[in-house]
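In what follows, a structure is listed as structure tokens, so that the remarks can point back to it.
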Amino acid sequence: MFVKNGSLRARARTVCMAAWGCFVVAALAAPVRAEDAKAPSAEVVSIVPMSPEPYSTNVGIDDVQVNAKTGRVYVSNTSAITVLDGDTDTIIKVIPIPAGTAPNVNGYYGIYQSCVDDRTNTVYSLSENGVVTVIDGATNSVTGTFAPWPTNTITNVDGMVCNPETGKLYMILYNNQGNRIVVWDTRKQAIAATIFVTSNPHEWMAVNRKTNRIYAQTIYDGLVVIDGATDTVIDRIVAGQGPQPPGCLATNNCVSQGSWLDQVAVDENTNRVYVVGINDGSLTTIDGATDKVIGLDFFNWFTYVLALDPVRKRIYQFDVSFDTMAVIDSVSGKRTANVGVGPGPFPLGCNAGWVVLNPNASCLVTVSASLGSIGAAAVNPVNGKIYVGYGGQYVGPGSSPFLSNVPNAYSYLYVLKPTETKLPGDADDARPPRAALAGTATLAAGAGAIDAAFDARANKLYIANSGANSVSALDPLTGAVTATIPVGASPRAIAINESANTLYTYNGDGSVSVLDGAHGSRLANFTADAVATGVLGLNPQGLVHSRRTGKLYAVNGFSQIDVIDPVSQRVLKSIPDPDAGGVAINQRTNMIYVSQFSEGTVWVIDGATDRKIGVIGGVGQPALPAGCYQSAGGPNSCLQMSSGLTKVAIDEELNRVYVLGQNDGRVVTIDGERNVVLGMDYVQPDDYGLAVDPRRHNVFVSNFVTPALWLFDGRTGRLGSTVNFNSRLCDTAQTPCFDQVDLKSVTVNPATGQVFVLDQGDLNPQTTSRVFVVDAKGGL
1316 MFVKNGSLRA RARTVCMAAW GCFVVAALAA PVRAEDAKAP SAEVVSIVPM
1366 SPEPYSTNVG IDDVQVNAKT GRVYVSNTSA ITVLDGDTDT IIKVIPIPAG
1416 TAPNVNGYYG IYQSCVDDRT NTVYSLSENG VVTVIDGATN SVTGTFAPWP
1466 TNTITNVDGM VCNPETGKLY MILYNNQGNR IVVWDTRKQA IAATIFVTSN
1516 PHEWMAVNRK TNRIYAQTIY DGLVVIDGAT DTVIDRIVAG QGPQPPGCLA
1566 TNNCVSQGSW LDQVAVDENT NRVYVVGIND GSLTTIDGAT DKVIGLDFFN
1616 WFTYVLALDP VRKRIYQFDV SFDTMAVIDS VSGKRTANVG VGPGPFPLGC
1666 NAGWVVLNPN ASCLVTVSAS LGSIGAAAVN PVNGKIYVGY GGQYVGPGSS
1716 PFLSNVPNAY SYLYVLKPTE TKLPGDADDA RPPRAALAGT ATLAAGAGAI
1766 DAAFDARANK LYIANSGANS VSALDPLTGA VTATIPVGAS PRAIAINESA
1816 NTLYTYNGDG SVSVLDGAHG SRLANFTADA VATGVLGLNP QGLVHSRRTG
1866 KLYAVNGFSQ IDVIDPVSQR VLKSIPDPDA GGVAINQRTN MIYVSQFSEG
1916 TVWVIDGATD RKIGVIGGVG QPALPAGCYQ SAGGPNSCLQ MSSGLTKVAI
1966 DEELNRVYVL GQNDGRVVTI DGERNVVLGM DYVQPDDYGL AVDPRRHNVF
2016 VSNFVTPALW LFDGRTGRLG STVNFNSRLC DTAQTPCFDQ VDLKSVTVNP
2066 ATGQVFVLDQ GDLNPQTTSR VFVVDAKGGL
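Encoded structure:
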């Protein structure tokens, strides 16, 4: 026998795809943060270990339920229901569920899902063998069991919901005939109806008590709507992105299984229904009055856990691959924060994405996924607390700082409380814009493409190829490579002097190459950093050229900022900076901005004197303790990871500076005149590229894990559109993008609004770098 548990059960990781080519992605509608507005977030306030169970060394949390009237929290483990006091977050009682130890026909056992009838203060728990256990919420004792179908016929079970207004339970049961939604009348103790919807698997349901409608998700199709008065299907709603090509399920010949829909949630106050997609991180919003889709947005990838706070109008969407909770405003659809939940990445653990930042810290494991994952979540709408079940494998003595007092705990419950962070910004009552990104194409590029720059005067795109020791010049109209120019070893950053038609690359060997853009040739190559002074050695992170002085500013990450005269080919000055992350220059003011990776600040350097004249605080969360050091691949002394500030971009006309936090996905807007933070938005952690369209004032962020491209209105901070490359085919071999794409830098053609997104190419079998061209001229 073996456990089938929501946090551990096998779930398809097939990445959602659609036909590669021109497409239109609906924009995310989001309001502007006013001067005194507060951005919703959340913070972990306690971690409650669940009691060990003798039946398996693989025990997760498959479900969490809250009785808002009593404040009690019910956590479903494999063979027990753990009851917590929601005021103190302490365990009141562990109720054994014998039905959880008896397997079904296929050998699965355990508690799958529970639901609460708050009118009768009764908890119903559905086990894998089809037995429903009845628990009295007043006494925390089992009062009986029943099985709608014979237990020796049950092959699988899935979601279950209660409608306290009618006293009915809706549960998804499987036998050798397939799946059915079985309606059980708790008042008559009998089956009220058996509903066949589709042969496609169901897993989750949600109920609107006010309208007496039940919404059942189907993995491939969308949702079915059941009228609770007649217990019949009255509508079907297409949600998410469907399998590709259309109709492929009938022939079992799909190249994509679509969004792969999962958990469903209902806001009874607004009569809106939400459903998430695992493969593409989609969140579909449905108007319950019309059964029409009114929004399709993309957030964290590999999401199948969803929770809703109807009082505070928040949606919590959980990325189980990164242990991250996205906080979303349910009114606007705007993501307001990313919060770490579980022993994985920022801010609780020592992992940031797939990179272990601090091997010396007391982490549960080097990769959080090996311990388990987020399996369930629920919200108490009265106090706003969020309960997140995290379950996984056996944890031995001393393996976790969180569980040191309970060394044999198998799973645990994270308790978060909602917070609001005051973030001043520009007030704007205008309706948020909608935009479409259409006409995407792919161009060939050199090996190991990592940075790019666009020469608006010459109308050429230049790409630094770190793996080929070259720079490729591309014609953006034809996609043809017009020149391949050799440079120093492993170019990492590129800058352009448009007036002289000259390019510069900052190379991994510490050299700077000077290139003639007109003739496509190298003019010079000289050493800038002869000595590896930083703890990571030579680590080029950025390069900018000053039109006013002709000087170059080269950032050697975690070491220094070199001020270089490319004419005399010498370093004029080195500014020590052991925390440098990225660099950008405002050509109008000749101010240089350097992000500080661990400190969470931005330095301001005056290009006239090459002196640091200011530090902008509050940009990112600093690493702790103060003064510690963190870096991917290098020595570490931090116990709490920072936001990981990296890329910097500038809109000179607005005099705004944008900074990217790689570890927590923040995009920070800074007023360049006053050097103060105006506000911040959040996208998926592990972002890499950042660019500004100076004519349309759009800001673009690329993510190398999702992979995706986000478009913001730089004037208001509103998220306009998302291009999710998980939903596309990356090549003619119909390979999922996630397995093939490693997105890097982003750059913009300001004349046309085209956005160029680099794919380094290290993940595809051909190791061929590519440039994705996104047409955004019809943008915000």
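Note that the numbering used here gives residue 1708 to position 393 of the sequence shown, counting from 1, and the numbers run on in steps of one. We put the CB at the ideal spot given by N, CA and C, even for glycine.
Anticipated Cβ contact below 8 Å, residue i with residue j, distance rounded
i: residue 1468; j: residue 1490; result: 4 Å
i: residue 1539; j: residue 1548; result: 5 Å
i: residue 1644; j: residue 2000; result: Contact doesn't hold; Cβ gap of about 19 Å is too wide.
i: residue 1934; j: residue 1917; result: 5 Å
i: residue 1921; j: residue 1909; result: So it is not a contact: roughly 12 Å between Cβ atoms.
i: residue 1875; j: residue 1894; result: Going by Cβ atoms, the distance from residue 1875 to residue 1894 rounds to 11 Å, so no, they are not a contact pair.
i: residue 1573; j: residue 1535; result: 6 Å
i: residue 1496; j: residue 1472; result: Contact flag wrong, Cβ pair sits at about 11 Å.
i: residue 2098; j: residue 1925; result: The shown model of the chain, from 1316 to 2095, leaves out residue 2098, and the question about it has no answer.
i: residue 1656; j: residue 1639; result: 7 Å
Own chain, CB closer than 7 Å to residue i, minus 5 neighbours either side, in chain order
i: residue 1404; result: 1361, 1363, 1730
i: residue 1546; result: 1498, 1507, 1508, 1510
i: residue 2099; result: Any question about residue 2099 goes unanswered here, given that the chain covers just 1316 to 2095.
i: residue 2009; result: 1966, 1967, 1968, 2065
Alpha carbon of residue i to alpha carbon of residue j, nearest angstrom
i: residue 1940; j: residue 1915; result: 13 Å
i: residue 1832; j: residue 1817; result: 5 Å
i: residue 1697; j: residue 1385; result: 10 Å
i: residue 2062; j: residue 1963; result: 12 Å
i: residue 1779; j: residue 2083; result: 14 Å
i: residue 1960; j: residue 1974; result: 7 Å
i: residue 1931; j: residue 1985; result: 9 Å
i: residue 2086; j: residue 1555; result: 27 Å
i: residue 1591; j: residue 1631; result: 11 Å
i: residue 1727; j: residue 1376; result: 8 Å
i: residue 1804; j: residue 1789; result: 21 Å
i: residue 1824; j: residue 1785; result: 13 Å
i: residue 1811; j: residue 1861; result: 9 Å
i: residue 1692; j: residue 1414; result: 23 Å
i: residue 2090; j: residue 2074; result: 17 Å
i: residue 1828; j: residue 1819; result: 5 Å
i: residue 1608; j: residue 1991; result: 40 Å
i: residue 2088; j: residue 1479; result: 52 Å
i: residue 1703; j: residue 1391; result: 12 Å
i: residue 2011; j: residue 2060; result: 19 Å
Neighbourhood of residue i by C-beta distance below 6 Å, restricted to the same chain and skipping five residues each side
i: residue 1857; result: 1808, 1870, 1897, 1898
i: residue 1458; result: 1449, 1451
i: residue 1998; result: 1980, 2016, 2025
i: residue 1772; result: 1813
i: residue 1775; result: 1788
Run of the beta strand (DSSP E) containing residue i, from where it starts to where it stops
i: residue 1651; result: 1650-1655
i: residue 1260; result: Any property of residue 1260 remains undetermined from this structure, which presents the chain solely from 1316 to 2095.
i: residue 1430; result: 1426-1432
i: residue 1779; result: 1775-1780
i: residue 1975; result: 1971-1976
i: residue 1733; result: 1726-1737
i: residue 1609; result: 1607-1613
i: residue 1406; result: 1405-1411
i: residue 2071; result: 2069-2074
i: residue 1962; result: 1960-1966
i: residue 1764; result: 1764-1770
i: residue 1395; result: 1395-1400
i: residue 2017; result: 2013-2018
i: residue 1917; result: 1917-1921
Neighbourhood of residue i by C-beta distance below 8 Å, restricted to the same chain and skipping five residues each side
i: residue 1606; result: 1540, 1550, 1552
i: residue 1358; result: 1654, 1731, 1732, 1734
i: residue 1456; result: 1410, 1450
i: residue 1902; result: 1861, 1862, 1863, 1967
i: residue 1520; result: 1474, 1475, 1476, 1485, 1487, 1496, 1529, 1530, 1531, 1532, 1579
i: residue 1417; result: 1424, 1442, 1444, 1446, 1466
Continuous beta strand (DSSP E) assignments of at least 3 residues falling wholly in the stretch 1468-1506:
Whole beta strand (DSSP E) segments, 3+ residues: 1471-1478, 1483-1490, 1493-1500.
Whole runs of the beta strand (DSSP E) within the stretch 1978-2006, excluding any shorter than 3 residues:
As far as the stretch 1978-2006 is concerned, its whole beta strand (DSSP E) runs of at least 3 residues are 1981-1986, 1991-1997.
What beta strand (DSSP E) runs, 3 residues minimum, are completely inside the stretch 1857-1907?
Uninterrupted beta strand (DSSP E) stretches at least 3 residues long and entirely within the stretch 1857-1907 occur at 1867-1871, 1874-1880, 1885-1892, 1895-1901, given in chain order.
What are the complete alpha helix (DSSP H) segments, minimum 4 residues, inside the stretch 1511-1598?
The stretch 1511-1598 contains these whole alpha helix (DSSP H) runs: 1563-1566.
Unbroken beta strand (DSSP E) runs of length 3 or more, entirely within the stretch 1782-1854: which are they?
List check, beta strand (DSSP E) in window: 1785-1789, 1796-1801, 1806-1812, 1817-1822, 1826-1831, 1836-1842.
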